[in-house]
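**Q** Pasting in a structure now, in structure tokens, and then I'll have a few things to ask.
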Amino acid sequence: MADSVILQVDGPEGAREVKLTSPDKVLWPGDGMSDGVAVTKRDLADYLIAVAGPFLHLNGDRPMTLQRFPEGIDGEEFFSKRPPQGAPSFLRRVTCTYPSRRKHDQLTFDEPAALAWAAQMGTITFHPWPVRTANLDNPDEFRIDLDPQPGRDFRDAVEAALALREVMAEAGLKAYAKTSGNRGIHVYARILPTHEFQDVRHGVIGIARELERRLPDLVTTSWWKEERGERIFVDFNQANRDRTIAAAYSPRPLPGAPVSTPLTWDELPDADPRELTLRTVTALLMGRGCAWADIDEEAGDVSGALSLWAADLECGLGELNFPPDYPKMPGEPPRVPPSKRKADRADDEYMAPKAERDAEWGTAIAPPYGPMLAKPVKKLPEGDFLYEPKWDGFRSLIWRSGDQVEIGSRNSRPMTRYFPELVRAVVENFPDHSVIDGEIVMIDPDTGDRLNFDALQQRIHPAASRIKKLSEATPASFVAFDLLALGMENFAEKPFRDRRAALETALAGARPPIFLTQATREVSVAGQWFEQFEGAGLDGVIAKPLGEPYAEDKRVMFKYKHERTADCVVAGYRLYKGERDAIGSLLLGLYTDDGTLNSVGVIGALPMARRRELFEELQPLVTSFEGHPWAWAEPEDTEADNRDQSFPRTPTAAAHSRWNATKDLSFTPLRPERVVEVRYDHMEGPSTPARSSQGSGQDKRFRHTAQFVRWRDDRDPASCTYDQLDEPVSYDLARVLGNHTPTAG
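Numbering (this note's numbering), first residue to last: 1020 to 1764.
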């Protein structure tokens, strides 16, 4: 394998040299390619240079976000908005303004050498803004993303795109179509840069609603997935500032190396997006040129689309939801799915204008508000970070205004009623008019020296009497780790180092059950925590960039979690939703000392092709419930379930889920003869109270869905016991909770 090659890339200022390291590195594995041959880093560079002409014609002179996969599509991904360190000087930089009003530089791509450099950086997908550098606030592209929901496919998107073309033409816009690189279609029009992002968004909504009226059974503008059904979603939010769509001629990080390919309208009906790949698109271009070659000559005016928006306003149709990381916008509907909006409070409270809700709480941020999220990493990042223990509980944002307290959750559904003891503690310990982010945890009521997630889960109960009893018997605690607001001062806009310092001051006098999380600047200390704190029931370590503001529902932080493997027996499967020949989940078991096969969880996340392969592979093992280790789970009707349940507790589900009494969890039994190696984070228990085995630790199950690693045909199923599982060394939880040392300066 060559260490590096020097590419000579022609450009407007002559040839440039671009160094390509590890040119033979595999980016797309061969098992996903139609010819079985892997796509390398050099192949990517050669492709980008070959299509540079049409690529730069359509995407040049635009701020560009890079979606990078340095280790290939099966490795970690990075979205680079800021120019990466070491970016060559010939790459132009422009300063972009974001919805939070922050500003920073982004790169533009103006010559083929820039694309070769992007390949060197592991860039697989390019995401250009819909603006040119001369006018960064007024889009010159009108973009509509047609996204097929489950039950719809590319052929349905084609039907929607053809109808959309007519609607746009009636509004004075000439439409151009390209494949998304997956199942969807992107429809563009060039527009005069005379309107701001908000106006263009409204024009897109006007067009989308008109399309929905014409094809109500095929198309939807519903933002909430639960309302979309089996239709094509018109993603109007791609028209917002800082929202981008995969570039024309950009590869996508999917098996087969598909490319988002501009097509003529005559080509679209018969197109197969799986055949438009990094290996085929160059020949297509050489044969007929770029399908969008004349797009710049067809710039239209967005005013026709805005007329549709205005007409809808007259009929009472107003604003639609913005992306979750956007500030709450004027006239925006509630950012809560309709099914959850009615669960714990009246609709009129959710429907109150933002100004009224702000006035009610006296805080710069009012509920509901989504927490900032973390992306998983294989090792702790080093640099300008603050490291914290990763707590194992319920993530929650808590508001306090006088005696009024709101305990929010990850899904925006209030949890206040489940934790009355925390309401009292918040009033006693939080500053008035404050919003604090943290984790609700449960100290083990028996040992007192570790966290107990099982006990915490018992608190989510419909009966108020049960909640009251548990709040007294097993009180919860709250570990604070971020500050979003004090009064009308919005700390979410400030860098984390400022938020942490203010949080330490705000909770300086706090007493249990309110705690301030430990934190350190030293990665070596964080590494020790990772090894030690698991023994107290914690979940890993979080790394938070000290210079970043708080981003609602956006993955800004990094989580480094424990990851282990185990060999399990495959004893059954469920079918994938809507399919009769694809596996939805594999049911896993471990043997106890007395020979009982306990249900410990499932494998659920698999590519569709692999689901079909597994179905065929496992058919010889299909058996009846007679003599099966889980015969007690036989339902009255043994027809195999055709729905995927990614988080069943046990296979008892002839039965039904404890969370949804109407949800059938029946399964197809298999002879327990095959062993699979799985990856998991940690276990909890018990799995089957009525059938849990004797013996310490032999009543556990996987907390989350396990990941398939490989078949272990060399293992005897009887050898798959609980003895193989790691047990962390016990560590005193009080030592984790007790440190309040200031750290963020």
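Virtual Cβ for every residue (Gly too), placed ideally from N, Cα, C.
In three-state DSSP terms, what is M1083?
**A** Collapsing the DSSP output to three states places M1083 in a strand.
**Q** Report the rounded CA-to-CA distance for F1552 versus K1580, giving the unit in angstroms.
**A** If you take the alpha carbons of F1552 and K1580, they lie about 12 Å apart.
**Q** Assuming contact is defined by CB atoms lying nearer than 9 Å, are R1698 and Q1726 in contact in what I supplied?
**A** yes
**Q** Suppose you measure from the CA of I1462 to the CA of W1548; what does that come to, to the nearest Å?
**A** I1462 and W1548: Cα-Cα distance of roughly 18 Å.
**Q** Name the DSSP beta bridge partners of P1277, please?
**A** T1296
**Q** Could you check which residue in H1480, D1403, P1531, F1515 has the C-alpha nearest to that of E1447?
**A** P1531
**Q** Could you tell me which uninterrupted alpha helix (DSSP H) segments, each at least 4 residues in length, are contained entirely in the segment 1405 to 1473, listed from first to last along the chain?
**A** 1439 to 1448
**Q** Nearest CA to the CA of E1286: which residue from G1141, F1510, R1174?
**A** R1174
**Q** Near G1033, what residues of its chain come up, given a Cβ to Cβ distance below 6 Å and the 5 sequence neighbours on each side ignored?
**A** Excluding sequence positions up to five before and after G1033, its CB lies less than 6 Å from no other CB in the same chain.
**Q** Which residues in the same chain have their Cβ closer than 6 Å to the Cβ of T1493, if we skip the five residues on either side of it in sequence?
**A** Excluding positions up to five away in sequence, the list reads P1464, A1474.
**Q** Pull up the DSSP beta-bridge partners for N1013, would you.
**A** No answer is possible for residue 1013: it lies beyond the span of the chain, which begins at 1020 and ends at 1764.
**Q** Comparing C-alpha positions only, which one of A1329, P1387, S1326, Q1537 sits nearest to V1355?
**A** P1387
**Q** Let me confirm a value: A1624 is counted as buried when at least 16 other C-beta atoms fall within 10 Å, else exposed. Which label applies?
**A** exposed
**Q** I need the DSSP call for A1672, collapsed to helix, strand or coil.
**A** Unreliable positioning characterises A1672 in this predicted model, as indicated by a pLDDT of 37, which lies under 50. The coordinate reading is nonetheless provided below. Looking at A1672 - three-state DSSP - the assignment turns out to be coil, as it is neither helix nor strand.
**Q** What would DSSP say about D1093, mapped onto helix, strand or coil?
**A** coil
**Q** Could you compute how far the alpha carbon of P1705 sits from the alpha carbon of E1653?
**A** The predicted model places P1705 with a pLDDT of 48, which falls under 50 and marks its position as unreliable; any figure quoted below should be read in that light. Their backbone Cα atoms lie some 21 Å apart in a straight line.
**Q** Just grab the DSSP bridge partners of P1395 for me.
**A** Per DSSP, K1578.
**Q** According to DSSP, is A1709 helix, strand or coil?
**A** Because A1709 sits at a pLDDT of 30, beneath the cut-off of 50, its placement in the model cannot be relied upon, and the following sentence gives the value as read from the coordinates. In the three-state scheme derived from DSSP, where H, G and I count as helix and E and B as strand, A1709 is classed as helix.
**Q** Alpha helix (DSSP H) containing W1548: first to last residue?
**A** 1542 to 1551
**Q** Less than 9 Å between the C-beta atoms of M1140 and P1212, yes or no?
**A** no
**Q** For the alpha helix (DSSP H) containing K1563, list its first residue and its last residue.
**A** Secondary structure note for K1563: it is in no alpha helix (DSSP H), and the uninterrupted beta strand (DSSP E) holding it is 1559 to 1564.
**Q** List the DSSP bridge partners of E1703.
**A** R1720
**Q** Helix, strand or coil for W1651 per DSSP?
**A** helix
**Q** Nearest to Y1268 by CA position, among A1628, K1596, V1070, is which residue?
**A** V1070
**Q** Taking the alpha helix (DSSP H) that N1078 falls in, what are its first and last residues?
**A** 1071 to 1078
**Q** Go to H1778, then tell me how far its alpha helix (DSSP H) extends in each direction, as first and last residue.
**A** In the structure as shown, the chain begins at 1020 and stops at 1764. Residue 1778 is therefore absent and cannot be evaluated.
**Q** To test your reading of the DSSP string, which unbroken beta strand (DSSP E) runs of 3 or more residues are found completely within the segment 1598 to 1648?
**A** 1602 to 1610, 1616 to 1622
**Q** Select from F1644, G1072, I1602 the residue whose C-alpha is nearest the C-alpha of P1626.
**A** I1602
**Q** Closer than 8 Å by C-beta to W1047: which residues in its own chain qualify, once you throw out the five before and the five after it? Chain order, please.
**A** If we look at W1047 and ignore the five residues flanking it on each side, its Cβ neighbours are A1057, V1058, G1091, I1092, P1274, G1275, A1276, L1297.
**Q** May I ask you to verify whether the segment 1559 to 1569 touches the segment 1505 to 1524, counting CB pairs closer than 8 Å and requiring at least 3?
**A** Yes, the segment 1559 to 1569 is in contact with the segment 1505 to 1524.
**Q** Around the Cβ of M1507, are there at least 16 other Cβ atoms within 10 angstroms (buried) or fewer (exposed)?
**A** exposed
**Q** Quick check: F1577 and V1755, are their CB atoms within less than 9 Å of each other?
**A** Going by C-beta atoms, F1577 is not nearer than 9 Å to V1755.
**Q** Are the Cβ atoms of A1324 and L1192 separated by less than 9 Å?
**A** yes
**Q** Closest to P1177 by C-alpha separation, out of F1252, I1455, D1331, L1605, would be which residue?
**A** Note that residue 1177 is Val in the sequence shown here, rather than Pro. When each option's Cα is compared against that of V1177, the closest is F1252.
**Q** Can you grab the Cα-Cα spacing for the pair T1611 / S1279, in whole Å?
**A** 51 Å
**Q** Does DSSP put S1269 in a helix, in a strand, or in coil?
**A** coil
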